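Here is the structure we will look at.
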Amino acid sequence: MDFGITSFGAYVPRMRLERAAIAKAHKWMAPGLAGAAKGSRAFCSWDEDALTMAVEAGRDALGATRDGVNAIIVASTTLPYSDLSNAAIIAGALNIPQSAASSESTGSQRAATSALVQALEAGKDGTLVIGSDKPPSKPASAQEMSNGAGAAAVLLGTSNVVAKYIGSASVTVNFADHFRASDESHDYMWEERWIRDEGLAKIIPRAVNAALEKTGLSIGDFTYFVMPSMTRKAADSVAKKLGFGGKVADGLELDCGLAGAAHPLLMLANVLETAKKGERILLVGFGQGADAVVLEATGAGARPGRGVSGSLADKYMTDDYLRMASFYDEIELEWGMRAEKPGKAALTEAYRSSFQLSAFMAGKCPHCSTIQFPQLAYCVNPDCGKPADSFEQVSLADQPAKILTYTADWLSYYPAPPLFVGFVQFDNGARLLMETVDAPTNVVEVGVPVRMVFRIKERDKIRGYNRYFWKSTPLTV
Amino acid sequence: MASGIRDKVAIIGMGCSQFGERWDTGTDGLLAEAFNEALADAGIERSQIGAAWYGSCMDNANVGNSAIPASVALRLDGIPVTRVENMCATGTEALRGAAYAVASGAVDIAIAVGAEKLKDTGYGGLPTGFKGTLNDLWMPIGSAPAGFAQLAAGYRTKHQITKEDLKRGLAHVSWKSHQNGVKSPKAHLKKAVSMETILNAPMIAEPLGLYDCCGVSDGAAAAIVTTPEIARALGKKDMVTIKAIQLSISSGVESTTNKWDGSHVINTRNAAKLAYAEAGITDPRKQISLMEVHDCFSITELVTMEDLFVSEEGRAVHDVLDGVFDADGIVPCQVDGGLKCFGHPIGASGLRMAYENYNQLLGRAGERQLESPSIGLSHNLGGVPYQGIAAISILGLHS
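For the protein sequence lines, the chains are Y and U, in the order given.
Letter by letter, the first sequence follows residues 4 to 480 of our numbering.
Letter by letter, the second sequence follows residues 2 to 400 of our numbering.
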């Protein structure tokens, strides 16, 4: 029986910054950046991180069903918590059964491909592998231009396989092309030419050749070569060195940028959207060694609702360099005394209410059918008012909804002003006050359709704790 | 149905501090100003007060929790003092407690006193509050203007009014109050403001600009209540009695179900029905001589005109522009300048509004005096339009 990828999904932040705006901001001290000022890069809004992006990619991959998801592995180098399972928070938001196993893969740009190799080798049905990364970059660095952000997810199994697993190989080499200590906020990079010639060009072929040997295939048997790198040229030159004559996969440089450890999966997800039956894919991850994964498209199986193409098309373009700098904590702006608001969350309450907060569960009253959030002790319908004990649980995460009321609040402390806040009316009757995010000012209006996104609700900077919840965003901007 | 408290309680003395940025005094000083005036007005001694209700909302910016700070500040020795807090309805809630104590016969004379010190925070606007452990985990942050500004979106959508027309109506609400505030010595803002300035002010929460928002200030107000019989025994001739005090509070219907369209405030309508029934008012537009309504924001006042059944649904914006609520209009509203000019020291506001009605009814309103008013209504809206508290008190001349 074939085992492989049974569904896949992706997420790229809607926020995009023109690279020319980055180059312009630093022109006075780094005029050379102008040479790389093509296209735009994705950047996370203040309320997005590797965790929230992982949820969005996971939702895209899973679609409407959670049946058979037995394990979740999250790969990233920028997960918000060091000692608190990010995967558990993601699993909760994705409404994956609590019986599922959860783990994280981190520590290198190879985190996602290594997690994928391990899961493919284990061959267990219902394993969800998510790569998600928000690579940091120092202002005016080459990485600030080349980096992006994003996430991709693949579900592994045996039914309706999209891409069969053929085999894989890995090499581990302590090649320190760049590094970031655990308590540091930025990478330290060595010379790019050395990385290209001594690292990519020599280490990747070792893993690829090992994989070819294992699978009994030759490089000519592949249609796609999927290799993330800071520059398109690096992938081309490795492909040439391997004697590869097929399609070097789009590195998504022009409208996303390098999404750190998530990038191999993001590029793979992009290829899977159009790969035809029988086309073989050589997926490579690089970082202190290399992984090479051999897959074969079936032309069958599920395509994601959004995918990479949908994510890239859904963009809110800006040329405010300082907006990104502020969202990434590269500059500290004067937010006024309102920003001093205490943000301590009661962990007891968070756990007690996680049944409704994590996966955005409304309760449906069995007596009057009123769907309501939050779920309190009694039904909210004044003509009913019965106890909530037997409420049916209905997630609002994927329910169609529209804006009922709104305002653009310039007074509250909000890291991405103005704060759009108002009532969201769900078609199923539920209603609650929500933030509307990632929206330019002329888009939010009464009646505008919105979808739900999992985001940081509030950052407790004193204690270093983010509370997460759901927000709304216009379907299109 | 219960008989209510109509004409069972008389107000025999009121006081109101100077409102404003009172850098010179703390809450104790504000309380004392209102207290002194009320005692003098009633012509009684502190020792004659049998019980006190103290209203304050933001203990973090005030003198602290409980009734102790007020009891200590006013040296209320050996009598029951209760602190009440019901957001912006706090002042009216204090009056309700005192009135119920008198109406029940529990005490002969009671005092309601409310105060708020908002200018010790270091910034403009209201301090951000704690919403409860569960709400804080999911409910969006949002300023007070953001809560009320949403009424504008709901109102213009329901009544098919353009943003520009509504904005003009809102501007008139504020323009009118600023006109009135000029004649109010105790107001914080005593300056007329042009329509143009109001319309072009910086945006706070769309569509509310700076002048669509009430001031933020320090202040206190107090009312001494007793039965009409005791009032007469104390030598009071012209007497203001309480015709009604009613409250209505959300149960979550507006914010959690689709039974509300976002264009009005259900609680105000509920409280108005209860208060009119208690006071015996059947035609509010004709019977009410003046109103002090909760104009925390211009949109709140505009919508309240409909919710109090003074304007027909969808007509408030036209009534406002026609001057119905101007000082010389059919139903003068915010004759003293309202929250717009007094600012909104939360615990004090309900009592400050009653103070204007009381003085107007007794013919003591100076430059602002209306011609022989007989019924004055005050209205507070606590919380937000979709989850809040409406409080209405109706005062009238005792017949």
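We put the beta carbon where it would ideally sit given N, CA and C, even for glycine.
Note that the structure is predicted; figures quoted are calculated from it, not measured.
Interface residues of chain Y facing residue i [CB-CB closer than 9 Å]
i        : result
U/Ile250 : Residues of chain Y passing the Cβ test: none, with the nearest at roughly 13 Å.
U/Glu207 : Tyr409, Thr410, Ala411, Asp412, Trp413, Pro421 and Thr444
U/Tyr387 : Thr408, Phe426 and Leu436
U/Thr283 : What U/Thr283 touches in chain Y: nothing, since even the nearest Cβ is about 26 Å away.
Start and end residues, alpha helix (DSSP H) containing residue i
i        : result
U/His173 : Lys164 to Gly182
U/Ser350 : Ile347 to Leu362
U/Asp8   : Taken as a continuous stretch (DSSP letters only), U/Asp8 belongs to no alpha helix (DSSP H), as it is neither H nor E.
U/Thr28  : Thr28 to Ala43
U/Ile267 : Ile267 to Ala280
U/Gln161 : That residue, U/Gln161, is in no alpha helix (DSSP H); it is neither H nor E in DSSP.
Y/Thr84  : Residue identity differs from the one stated: residue 84 of chain Y is Tyr in this sequence, not Thr. It is not in any alpha helix (DSSP H) - Y/Tyr84 carries neither H nor E in the DSSP assignment.
Y/Trp3   : Residue 3 of chain Y lies beyond the stretch modelled for chain Y, which goes from 4 to 480, so this question has no answer here.
Y/Ser149 : Ala145 to Ser149
Nearest neighbour of residue i, chosen from the options [CA to CA]
i        : options                                   : result
Y/Pro16  : Y/Thr444, Y/Tyr319 and Y/Leu325           : Y/Tyr319
U/Gly210 : U/Ser218, U/Trp54, U/Asp219 and U/Leu200  : U/Leu200
U/Thr122 : U/Pro208, U/Pro346, U/Thr283 and U/Glu165 : U/Pro346
U/Leu291 : U/Glu372, U/His399 and U/Thr283           : U/Glu372
U/Pro208 : U/Ala355, U/Gly253, U/Phe149 and U/His189 : U/Phe149
Y/Ala53  : Y/Ala37, Y/Tyr409 and Y/Ala115            : Y/Ala115
Y/Asp463 : U/Phe36, U/Thr83, U/Pro186 and U/Asp137   : U/Asp137
Y/Tyr468 : Y/Gly346, Y/Ser140, Y/Ala362 and Y/Glu51  : Y/Gly346
Y/Gly249 : Y/Leu271, Y/Ala238 and Y/Thr226           : Y/Thr226
Y/Ser415 : Y/Gly339, Y/Ser361, Y/Thr444 and Y/Arg434 : Y/Gly339
Y/Ser85  : Y/Val287, Y/Thr109 and Y/Ala152           : Y/Thr109
U/Glu197 : U/Ile205, U/Val217, U/Ser218 and U/Arg169 : U/Arg169
U/Glu117 : U/Pro128, U/Ala111, U/Ala104 and U/Lys164 : U/Pro128
Y/Ala103 : Y/Gln112, Y/Ile93 and Y/Val424            : Y/Ile93
U/Trp54  : U/Ser195, U/Tyr101, U/Lys9 and U/Ser251   : U/Tyr101
Proximal residues of chain U, C-beta to C-beta of residue i below 9 Å
i        : result
Y/Met364 : Simply none; closest approach about 11 Å.
Y/Ser356 : Thr134, Leu135, Leu138 and Trp139
Y/Phe376 : Trp139 and Thr257
Whole-Å CB distance - residue i paired with residue j, under 8 Å assumed
i        : j        : result
U/Ala147 : Y/Asp412 : 4 Å
U/Ile300 : U/Leu152 : 5 Å
Y/Phe376 : U/Thr257 : 7 Å
Y/Glu107 : Y/Leu87  : Between Y/Leu87 and Y/Glu107 the Cβ distance is about 11 Å, and since that is not below 8 Å, they are no contact.
U/Val332 : U/Arg270 : Rounded, the Cβ-Cβ distance is 17 Å, inconsistent with contact.
Y/Gly61  : Y/Ala156 : 5 Å
U/Glu86  : U/Ser57  : 7 Å
Y/Asn163 : Y/Ala40  : So it is not a contact: roughly 43 Å between Cβ atoms.
Closer than 8 Å at the beta carbon, the chain U residues around residue i
i        : result
Y/Ala472 : In the sequence under discussion, the amino acid at residue 472 of chain Y is Phe, which differs from the Ala named in the question. Correct list: Leu138 and Trp139.
Y/Arg434 : Ser256, Thr257, Thr258 and Asn259
Y/Pro16  : Chain U residues near Y/Pro16: none, gap ~20 Å exceeds 8 Å.
Under 8 Å by beta carbon: chain A residues contacting residue i
i        : result
Y/Tyr417 : In the structure shown, chain A cannot be found, because the protein chains are Y and U.
Cross-chain neighbours of residue i in chain Y, by beta carbon under 8 Å
i        : result
U/Ser218 : The contacting residues do not exist; U/Ser218 stays about 17 Å from chain Y at best.
U/Gln151 : Thr408, Tyr409, Thr410, Val424, Gly425 and Phe426
U/Ala147 : Thr410, Asp412, Leu414, Ser415, Leu422 and Val424
U/Ala100 : Correct list: empty, because the minimum Cβ distance to chain Y is about 28 Å.
Where residue i meets chain U, residues with beta-carbon distance less than 7 Å
i        : result
Y/Asn384 : Thr258
Y/Ala349 : Thr134
Y/Glu352 : Thr134, Leu135 and Leu138
Y/Lys344 : Thr129
Endpoints, the beta strand (DSSP E) within which residue i is located
i        : result
Y/Phe423 : Leu422 to Phe429
U/His380 : Ile376 to Val385
Y/Ser108 : Ala104 to Ser108
Neighbouring residues, chain Y, relative to residue i (Cβ below 7 Å)
i        : result
U/Met204 : Trp413
U/Tyr124 : Gly339, Met340 and Arg341
U/Gly263 : Leu407, Thr408 and Phe426
Touching by the beta-carbon criterion (3+ pairs, under 8 Å), the stretch 352–366 of chain U and the stretch 4–17 of chain U: yes
contact_flag[the stretch 230–247 of chain U, the stretch 18–28 of chain U] where n(CB pairs < 8 Å) is 3 or more: no
Contact the stretch 38–55 of chain Y vs the stretch 251–264 of chain Y: 3+ CB pairs below 8 Å: yes
The stretch 302–313 of chain Y touching the stretch 388–396 of chain Y, judged by at least three CB pairs closer than 8 Å: no
Cβ contact check for the stretch 194–208 of chain Y and the stretch 169–181 of chain Y: 3 or more pairs under 8 Å: yes
Stretch pair the stretch 309–327 of chain U + the stretch 453–461 of chain Y: three plus CB contacts closer than 8 Å: no
Cβ contact (3+ pairs, closer than 8 Å) linking the stretch 321–336 of chain Y and the stretch 23–37 of chain Y: The stretch 321–336 of chain Y, when compared against the stretch 23–37 of chain Y, does touch it at the 8 Å Cβ threshold.
Segment contact, 8 Å Cβ cut-off, at least three pairs: the stretch 397–404 of chain Y with the stretch 127–142 of chain Y: no
Cβ contact check for the stretch 74–93 of chain U and the stretch 378–387 of chain U: 3 or more pairs under 8 Å: yes
Contact between the stretch 333–341 of chain U and the stretch 181–196 of chain U (3+ Cβ pairs under 8 Å): yes
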